[in-house]
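Before any comments, here is the structure.
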Amino acid sequence: EEATVEAWVKWGNIKETRFFNSSGENGDFGIGTLGDGRLHFFIADAEGKLRSIEVQGAAFHKEWSHIAAVSGKRGMRLYFNGDQIGTEGYTGSFSSIGGSMTNRVGRAYNISDFEGQIDELRVWKVARSEVDIRADMFKTFQGSEPDLVGSWDFEDDAANDLISHENDGTMHGDAKIVLSRLPSEIEIKNQTVIHGIVTSSTKRLPVTDALVVFTSGEQIIQTGRTSDTGIYQLSKSGENILQVWAISDGQ
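Position in the sequence shown counted from 1, then plus 412, gives you the numbering used here.
Have a look at this one:
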């Protein structure tokens, strides 16, 4: 009746995709992004009714961020780096999906596979509070913690569940284990997301697939592309002053 799904996520390409998905006979539960870059947490119950939280500018391109999706008696809540960024009043959870469930990481039916990295994926049988989520973001778990029903740290060069071997994952497609370093608490505190929309200079229409460049002086800090609706979002660390440039063919 309650659940918390959390993970460290780094998007290599922001598009419509899910980094976690659990589908039942008629319902669906997922966390990922929409085509315009919005962070998306949704539950579709066994009758097909959809409830969702959508937040613009909360999916970092090529930067680690901690995402937690909470569901249950107090409603749906979405957390980004330990801060609550969205709510929905629906009080259902996994039990609302109906029937036996198929769980996938980085893949969902009929949409693109996730491109990027996922680490420290955990599933709890309780609706964790903001305090709990923030306190444990940077901790390494052993699998014996109360109410933790699934934990995958990918440290054994496989997708094995630390809780039991009943929920070990199998690798499909281009999925592989790679070495990577998660950010420290200080690095996350200094992280800022900047987003906006690029429009044409004449008709003021959204420009898709425009190159967006963040610079500081003569140094390029980060680059990205606009979505199908002209929206861009990039992240930065520190307090350096940035200039934003948008470049598009024929615009």
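Virtual Cβ for every residue (Gly too), placed ideally from N, Cα, C.
When DSSP builds the beta bridges, which residues end up paired with residue i?
{"i": "F453", "result": "I443, I465"}
{"i": "A570", "result": "Beta-bridge pairing links A570 to no other residue."}
{"i": "L560", "result": "W536"}
{"i": "S477", "result": "V421"}
{"i": "R430", "result": "G444"}
{"i": "S529", "result": "It is worth fixing the name first, because residue 529 is Gln in this sequence and not Ser. According to DSSP, which records beta bridges pairwise, Q529 is partnered with K422."}
{"i": "T514", "result": "S435"}
{"i": "I552", "result": "Contrary to the premise, residue 552 reads as Thr rather than Ile in this sequence. BP columns for T552 are empty, so no partner."}
{"i": "A415", "result": "S483"}
Identify whether residue i lies in helix, strand or coil by the three-state DSSP scheme.
{"i": "K422", "result": "strand"}
{"i": "D580", "result": "coil"}
{"i": "F626", "result": "strand"}
{"i": "V656", "result": "strand"}
{"i": "K575", "result": "It should be pointed out that residue 575 corresponds to Ile in this sequence rather than to Lys. Coil, per DSSP."}
{"i": "S524", "result": "coil"}
{"i": "L507", "result": "As written in the sequence, residue 507 is Ser, which differs from the Leu given in the question. DSSP places S507 in helix when its eight states are reduced to three."}
{"i": "T614", "result": "coil"}
How far does the beta strand (DSSP E) with residue i in it extend, from its first residue to its last?
{"i": "A458", "result": "Premise fails: A458 is in no beta strand (DSSP E) and is neither H nor E."}
{"i": "I497", "result": "495 to 500"}
{"i": "I633", "result": "631 to 637"}
{"i": "Y489", "result": "The sequence given here places Arg at residue 489; Tyr does not occur at that position. Looking at the DSSP string, the run of the beta strand (DSSP E) that includes R489 is 488 to 492."}
Considering only residues of the same chain and omitting the five flanking positions on each side of residue i, which have a CB-CB separation below 6 Å?
{"i": "K422", "result": "W476, G528, Q529"}
{"i": "S483", "result": "A415, S505"}
{"i": "A658", "result": "V610, A622, V624"}
{"i": "N433", "result": "G442, R516, A520"}
{"i": "K474", "result": "none"}
{"i": "N425", "result": "E527"}
{"i": "H478", "result": "W420, N493, M549"}
{"i": "R534", "result": "E418, S563"}
Once the 5 residues before and after residue i are set aside, which same chain residues still bring their CB inside 7 Å of it?
{"i": "Q655", "result": "T627"}
{"i": "T638", "result": "V610, V619, T620, D621, A622, V624, Y644"}
{"i": "D666", "result": "The displayed coordinates of the chain run from 413 to 663. Any statement about residue 666 would go beyond what the structure contains."}
{"i": "D640", "result": "G447, D448, T620"}
{"i": "G463", "result": "According to the sequence as given, residue 463 is Arg; it is not Gly. Only F454, I455, M488, E500, Y502 meet the Cβ criterion."}
{"i": "S579", "result": "Note that residue 579 is Asn in the sequence shown here, rather than Ser. Excluding positions up to five away in sequence, the list reads G562, D573."}
{"i": "S583", "result": "Before going on, a small fix: residue 583 reads as Met here, not Ser. Once the five neighbours on either side are set aside, the close Cβ partners of M583 are A571."}
Starting from residue i, trace the alpha helix (DSSP H) in both directions and tell me its first and last residue.
{"i": "V543", "result": "542 to 548"}
{"i": "I598", "result": "597 to 601"}
Excluding the five sequence neighbours on either side, which residues of its own chain have a C-beta within less than 8 Å of the C-beta of residue i, listed in chain order?
{"i": "Q496", "result": "R489, L490, E542"}
{"i": "D525", "result": "T429, G518, R519, G585, D586"}
Cβ of residue i versus every heavy atom of the ligand GTP: is any distance shorter than 6 Å?
{"i": "D621", "result": "Judged by which ligands are present, the structure shown has none, so any question about the ligand GTP falls away."}
Consider the Cβ of residue i: report whether some Cβ of chain D lies at a distance smaller than 7 Å.
{"i": "N515", "result": "The chain labelled as chain D is not found in the depicted structure, where only one protein chain is given."}
Stretch-stretch touch, CB-based, cutoff 8 Å, three pairs: the region 431 to 443 with the region 509 to 516:
yes
Counting pairs of Cβ atoms below 8 Å between the region 544 to 559 and the region 615 to 630, do you hit three or more?
no
Contact the region 497 to 505 vs the region 448 to 457: 3+ CB pairs below 8 Å:
yes
How about the region 607 to 619 and the region 584 to 591: do they share at least three Cβ pairs that are nearer than 8 Å?
no
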